[in-house]
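Peer 1: Note that my numbering numbers the sequence shown so that position 189 is 312, with each residue one more than the last.
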Amino acid sequence: MNERAIREETAWADAWRPAPDETAYEITELDGEIPRELCGTLYRNGPSQRRLPQQGYAALHFFDGDALVHALRIEDGGVHYTGRFARNQAFLYQEENGPDRQDFYNFRVSDPDPEAPPRVAPNTNIVYHGGKLLALVEADLPFELDPRSLASLGTHRFRDPMLGMSTSAHPKIDGRTGQMLIHGYQPVEPYVQLYTIEPDGSCSLAEAVETPYPVMMHDMAITENYVILLLCPITFDLERGAGFRDWLRWEPEKGLKFGIRPRRAGGQVRWFEAPTPAFIFHSGNAYERDGKIFMDACSYLDGGALLKQLEVYRSGERVTGAGAGANPFLYEFDLSTGDCRETQLDDGVAEFPRIDDRRVGHENRYGYALMGESGFLGPETNRIVKTDRRGGPSVVHECGAFRYPGEPIFVPRTPDAEEDDGFVLVVVYDGRTHRSDLVVLDARAIDKEPLAVAHLEHRVPLGFHGNFVAGI
Ligand SMILES: [Fe+2]
């Protein structure tokens with residue numbers, strides 16, 4: 124291994140490590156100028172295990188870790204940082220009793236407390252809707268935080284009773300109507316539930332969706348009139364063992380199926396099957412055109428390699444081979460014939476796809492994502508790519524050596540600016556300084572130098588998802 128490779132591995136090893144401290148401060152080190160049009164808060168969420176178990180950090184599953192929520196408030200060219208843990212019941216139990224009495228996803232503890240709440244942390248996404256800031260994880264109900272202080276406010280139910288045990292971390296907010304559609308999934312019936320939440324926070328639809336077997340259903344997609352459920356062949360069965368990692372299994376023979384149903388009440392599901400089995404964590408966007416539905420997604424052709432990677436991720440072990448990373452695919456559903464066509468859009472791997480949120484559910488031209496050459500998220504996924512659905516060339520922002528970006532978030536310059544007229548915000552961990560930066564790119568020139576870089580005083584662990592909320 125050459126010197127560069129050794130340093131890369133060392134730098135990368137710290138990128139996801141927990142940062143146990145909560146802090147708040149004004150960022151004073153700024154390069155360039157933060158555009159004055161940027162006024163609001165970039166929220167980020169990700170796992171950061173506050174107290175490590177006896178087994179150590181390396182034993183943790185990719186999904187494990189307390190929810191450390193970050194708020195980067197941008198106003199008048201300045202940036203203020205706040206980071207706080209979401210204090211749900213499981214977190215409070217751990218604060219009092221230590222980390223070794225509740226099971227982790229990868230292993231069972233030797234001295235479990237039968238009275239302890241299950242270890243579940245809302246560490247996957249953070250969404251503002253209906254006047255509420257919600258930290259989300261697919262294994263639990265939403266957890267509400269104060270938008271300014273990030274103080275914990277408690278579990279949020281869209282209605283009472285809910286139809287299932289949890290809701291996903293990937294609601295879709297219709298870019299035109301402001302309605303939020305969110306699904307829940309679980310290994311017992313009803314396997315999938317669907318809710319529509321109006322802009323005022325009221326629940327206007329709550330229905331179980333009939334699905335043939337339970338799967339891990341991380342994400343979904345919407346169009347103007349339809350919901351697209353992702354029935355991927357990673358199945359979910361509690362009879363398979365005592366712990367989370369035993370419950371999931373890659374069963375490619377079941378195929379990749381999409382359940383498309385009208386958004387209106389009582390809509391019936393129609394199933395489409397893709398030519399190639401794959402697991403999808405994330406869709407980019409979906410929309411209707413000429414009697415068809417188009418949906419892009421990041422597809423793992425080897426879900427078995429992915430499951431293995433999630434288990435060993437924190438140890439630094441990298442699972443290699445074709446299909447261990449996600450390739451960008453376009454799926455095309457013909458509503459008159461029932462056919463599903465697929466096109467692989469690029470040989471590289473892509474993850475954390477985002478678009479201009481004003482176009483969610485409607486035709487979009489541009490997308491933004493992390494990109495690398497192969498494998499799951501790693502030191503080589505250090506590029507932000509902007510893709511053009513109309514066939515224009517992809518444009519790449521290279522984050523540079525030892526600099527590792529999280530999910531890119533597009534923010535329009537003004538509420539009615541054209542698509543792509545705005546900024547791409549990325550929190551980048553710098554392995555050389557062991558600190559993180561907020562990087563502001565011009566969306567129309569992401570390959571150029573950033574417009575501004577705000578240097579945080581500390582490290583924000585790489586995490587999962589977030590959103591920009593204007594005006595807060
Ligand atoms: Fe996700």
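Built from N, CA and C at the ideal position, the CB exists for glycine as well.
Report the three-state DSSP secondary structure of phenylalanine 214 (helix, strand or coil).
Peer 2: Phenylalanine 214: helix per DSSP, three-state reduction.
Peer 1: For histidine 485 and aspartate 297, what's the separation of their Cα atoms in angstroms?
Peer 2: Their backbone Cα atoms lie some 8 Å apart in a straight line.
Peer 1: Mark glutamate 149 as exposed unless 16 or more other C-beta atoms lie within 10 angstroms of its C-beta, in which case mark it buried.
Peer 2: That one is exposed.
Peer 1: If I follow the unbroken alpha helix (DSSP H) through alanine 428, where does it start and stop?
Peer 2: It spans 426-435 - the alpha helix (DSSP H) in which alanine 428 sits, taken as one unbroken run.
Peer 1: Report the three-state DSSP secondary structure of tyrosine 410 (helix, strand or coil).
Peer 2: Looking at tyrosine 410 - three-state DSSP - the assignment turns out to be strand.
Peer 1: Expressed to the nearest angstrom, what Euclidean distance is found between the alpha-carbon atoms of methionine 124 and glutamate 541?
Peer 2: Confidence is the limiting factor: at methionine 124 the pLDDT is only 46, short of 50, which leaves the residue's position unreliable and the question unanswerable from this model.
Peer 1: Which residue's Cα is closest to the Cα of glutamate 333: Gly307, Val315, Ala344, Pro516?
Peer 2: Among Gly307, Val315, Ala344, Pro516, the Cα nearest to that of glutamate 333 is on Val315.
Peer 1: Is methionine 339 closer than 7 Å to leucine 361 when the C-beta atoms are compared?
Peer 2: Not in contact: leucine 361 and methionine 339 (Cβ atoms no closer than 7 Å).
Peer 1: Return the chain-ordered list of same chain residues with a C-beta closer than 6 Å to the C-beta of threonine 466, the five sequence neighbours on each side being excluded.
Peer 2: Answer for threonine 466: Leu453, listed in chain order.
Peer 1: By the three-class DSSP mapping on this structure, what secondary structure does methionine 124 have?
Peer 2: Note on methionine 124: pLDDT 46, under 50, position unreliable in the model; no value is reported.
Peer 1: Consult DSSP for aspartate 553 and reduce its assignment to one of helix, strand or coil.
Peer 2: Aspartate 553 falls in the strand class under three-state DSSP.
Peer 1: Name the DSSP bridge partner or partners of arginine 558?
Peer 2: Bridge partners of arginine 558: Asp553.
Peer 1: Can you tell me which of the three DSSP states tryptophan 135 falls into?
Peer 2: Helix at tryptophan 135.
Peer 1: Which one or two residues does DSSP pair with proline 516 in a beta bridge?
Peer 2: Answer is none; proline 516 lacks a bridge partner.
Peer 1: For phenylalanine 208, tell me which candidate among Pro241, Tyr251, Ala274, Leu256 has the shortest Cα-Cα distance.
Peer 2: Residue Ala274 is the option with its Cα nearest to phenylalanine 208.
Peer 1: So does the stretch 550-570 actually touch the stretch 519-528, counting three or more Cβ pairs closer than 8 Å?
Peer 2: Contact holds: three or more Cβ-Cβ distances are below 8 Å.
Peer 1: Based on the DSSP secondary-structure assignment, which residues constitute the bridge partners of serine 422?
Peer 2: Bridge partners of serine 422: Ile403, Asn450.
Peer 1: Leaving out the 5 sequence neighbours to the left and right, which residues in its chain are closer than 6 Å to alanine 593 when beta-carbon positions are compared?
Peer 2: Excluding residues within five positions, the ones whose Cβ falls inside 6 Å are Gly163.
Peer 1: State the Cα-Cα distance for the pair glycine 407 and proline 476, rounded to the nearest angstrom.
Peer 2: Cα to Cα, glycine 407 sits roughly 5 Å from proline 476.
Peer 1: What's the gap between the Cα of leucine 585 and the Cα of threonine 460?
Peer 2: Straight-line Cα distance between these residues: approximately 43 Å.
Peer 1: Check whether the stretch 380-393 and the stretch 425-436 are in contact - that is, three or more C-beta pairs closer than 8 Å.
Peer 2: Contact fails: fewer than three Cβ-Cβ distances are below 8 Å.
Peer 1: Which of helix, strand or coil does DSSP assign to lysine 509?
Peer 2: In this structure, lysine 509 counts as strand in the three-state DSSP scheme.
Peer 1: In whole angstroms, give me the CA-to-CA distance for arginine 174 and proline 538.
Peer 2: If I take the Cα positions, the gap works out to 42 Å.
Peer 1: Check whether the Cβ atoms of leucine 579 and proline 573 sit closer than 7 Å, and answer yes or no.
Peer 2: Not in contact: leucine 579 and proline 573 (Cβ atoms no closer than 7 Å).
Peer 1: I want to know whether the stretch 542-555 touches the stretch 521-530 - three or more CB-CB distances under 8 Å.
Peer 2: Touching, per the Cβ criterion.
Peer 1: Do you know how far the Cα of isoleucine 357 is from the Cα of proline 375?
Peer 2: Those two C-alpha atoms are separated by around 8 Å.
Peer 1: Use the C-beta contact count for glutamine 391: other C-beta atoms within 10 angstroms, 16 or more gives buried, fewer gives exposed.
Peer 2: Counting Cβ neighbours within 10 Å, glutamine 391 comes out exposed, since fewer than 16 surround it.
Peer 1: Just reading off the beta strand (DSSP E) that phenylalanine 525 is part of, what are its end residues?
Peer 2: Careful: phenylalanine 525 lies outside any beta strand (DSSP E) and carries neither H nor E.
Peer 1: Please confirm if the stretch 236-243 is in contact with the stretch 209-216, defined as three or more CB-CB distances below 8 Å between the two stretches.
Peer 2: Cβ pair count under 8 Å is three or more, so yes.
Peer 1: Is it buried or exposed, tyrosine 336, if we count other Cβ atoms within 10 angstroms and call 16 or more buried?
Peer 2: Its Cβ having fewer than 16 others within 10 Å, tyrosine 336 is exposed.
Peer 1: Could you name the residues of the same chain whose beta carbon sits closer than 8 Å to that of histidine 341, not counting the 5 residues immediately before and after it, in chain order?
Peer 2: The residues are Glu261, Ser291, Ala292, His293, Leu353, Ile403, Phe404, His405.
Peer 1: Let me know if aspartate 323 comes out buried or exposed under the rule of 16 or more other beta-carbons within 10 Å of its beta-carbon.
Peer 2: Per the 10 Å Cβ criterion, exposed.
Peer 1: Provide the residue span of the beta strand (DSSP E) that contains phenylalanine 475, from first to last.
Peer 2: Taken as a continuous stretch (DSSP letters only), the beta strand (DSSP E) holding phenylalanine 475 covers 472-477.
Peer 1: Which residues in the same chain as lysine 295 place their Cβ atom closer than 6 Å to its Cβ, once the five residues preceding and following it in sequence are excluded?
Peer 2: Correct list, in chain order: Leu304, Ile345, Val483.
Peer 1: In terms of residue numbering, what span does the alpha helix (DSSP H) encompassing arginine 368 cover?
Peer 2: 367-370 is the extent of the alpha helix (DSSP H) around arginine 368.
Peer 1: Between which two residues does the beta strand (DSSP E) holding cysteine 326 run?
Peer 2: Start and end: 326-332.
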